[in-house]
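Position one of the sequence shown corresponds to residue 24 (the working numbering), numbered consecutively onward.
Don't be surprised by glycine CBs; every beta carbon is placed ideally from N, CA and C.
Here the structure is a predicted model, which means the values were calculated and not measured.
Data block below; observations after.
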Amino acid sequence: MKKIFSRPESLRDVPTHYCPGCGHGIAHRLLAQAVDDLGIREKVIGVAPVGCAVVAYDYWNFDCCEAAHGRALAVATAIKRVRPENIVFTYQGDGDLAAIGTNETIHTANRGENLTVIFINNAIYGMTGGQMAPTTLLGQKTATSPRGRNADSEGYPLKISELLAQLPAVKYIERVSLHSPQEVLKAQRAIKQAFQNQIENKGFSLVEILSPCPTYWGMSPDQAVEWVKETMSKEFPLGRIK
């Protein structure tokens with residue numbers, strides 16, 4: 024029988040440290056598959072800052088480095104400018120990219136740096152205890168919003184993709200999800216496109232991925248997937264934004 028599905032060469036065969044039902048493992052595989060499909064494993068460099076994916080280098084079989092919290096795009100910009108022949112990407116959560124790293128995110132995008140950004144949006148701080156994030160939904164309960172996020176005191180969920188899409192130097196923005204096999208396939212295509220744009224020197228590309236966090240949402244994995252589909256994707260509509 025012909026084998027039609029296997030582990031990507033760019034993904035190491037190691038045990039996971041992620042919680043049951045977490046979307047990071049799926050996103051890691053999709054990214055590794057895109058790297059293999061494009062034949063860029065020997066050229067790619069990943070940058071992961073503080074967050075649940077801080078040890079992403081344990082899973083990917085290519086060059087990676089860490090960055091201080093929120094500074095991944097500053098580090099990635101430096102690497103790309105010094106080594107323009109490499110394919111450089113960041114892998115960032117919402118607390119990193121849209122909170123402490125908002126400045127780096129906006130200015131990197133505004134300069135049109137030829138980089139690929141994989142943005143994991145699970146609407147909460149997963150590594151540090153489940154605090155409210157910039158993308159936490161109104162009414163969503165977290166460790167720091169036990170009564171639910173209130174627009175009057177905490178503002179509205181930050182739609183970073185729509186914000187960045189307004190910048191003229193940004194080439195490509197797409198929001199995808201991991202809540203079904205069909206959406207996972209769309210996520211795979213979007214990640215590959217974001218890398219292809221960099222290969223073709225087209226400029227700044229970002230893929231936002233809606234990802235479940237059952238542990239800090241206080242849900243089972245099945246409930247978390249359903250919440251992404253029925254609630255989260257209504258606040259953050261899926262599709263190509265730019």
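{"query": "Roughly how far, in whole angstroms, is the beta-carbon of residue 199 from the beta-carbon of residue 213, given that I think they are within contact range, below 8 Å?", "result": "5 Å"}
{"query": "Exposed or buried, what is residue 110 when buried is set at 16 or more other beta-carbons lying within 10 Å of its beta-carbon?", "result": "buried"}
{"query": "Kindly indicate the opening and closing residues of the beta strand (DSSP E) around residue 154.", "result": "No beta strand (DSSP E) holds residue 154; DSSP gives it neither H nor E."}
{"query": "Within the continuous beta strand (DSSP E) that includes residue 194, where are the two ends?", "result": "193-200"}
{"query": "Do residue 47 and residue 143 have their beta-carbon atoms positioned less than 8 Å apart in this structure?", "result": "yes"}
{"query": "In three-state DSSP terms, what is residue 85?", "result": "coil"}
{"query": "Does the Cβ of residue 218 have 16 or more other Cβ atoms within 10 Å, making it buried, or fewer, making it exposed?", "result": "buried"}
{"query": "For residue 133, collect the residues of the same chain with a Cβ closer than 7 Å to its Cβ; drop the 5 residues on either side in sequence, then sort them by chain order.", "result": "190 and 192"}
{"query": "Below 6 Å CB to CB, which residues in the same chain sit around residue 231 once its five sequence neighbours on both sides are set aside?", "result": "142, 144, 184 and 198"}
{"query": "Could you give the C-beta distance for residue 150 and residue 75, rounded to a whole number, given that I count them as a contact under 8 Å?", "result": "5 Å"}
{"query": "If you draw a straight line from the C-alpha of residue 226 to the C-alpha of residue 264, how long is it?", "result": "16 Å"}
{"query": "Looking only at C-alpha atoms, which of 238, 118, 260 and 84 sits nearest to residue 94?", "result": "118"}
{"query": "Under the DSSP definition of a beta bridge, which residues are partnered with residue 231?", "result": "142 and 198"}
{"query": "Please list the terminal residues of the continuous alpha helix (DSSP H) segment that includes residue 174.", "result": "174-177"}
{"query": "Under three-state DSSP, which class holds residue 218?", "result": "helix"}
{"query": "With distances taken Cα to Cα, identify the nearest neighbour of residue 98 among 163, 115 and 85.", "result": "115"}
{"query": "For the alpha helix (DSSP H) containing residue 99, name the first residue and the last one.", "result": "95-105"}
{"query": "Comparing alpha-carbon positions, which option in 196, 178, 228 and 147 lies nearest residue 241?", "result": "147"}
{"query": "When the Cβ atoms of the region 81-93 are set against those of the region 25-37, are three or more pairs found closer than 8 Å?", "result": "yes"}
{"query": "Which class does residue 91 belong to by DSSP, given the choice of helix, strand or coil?", "result": "coil"}
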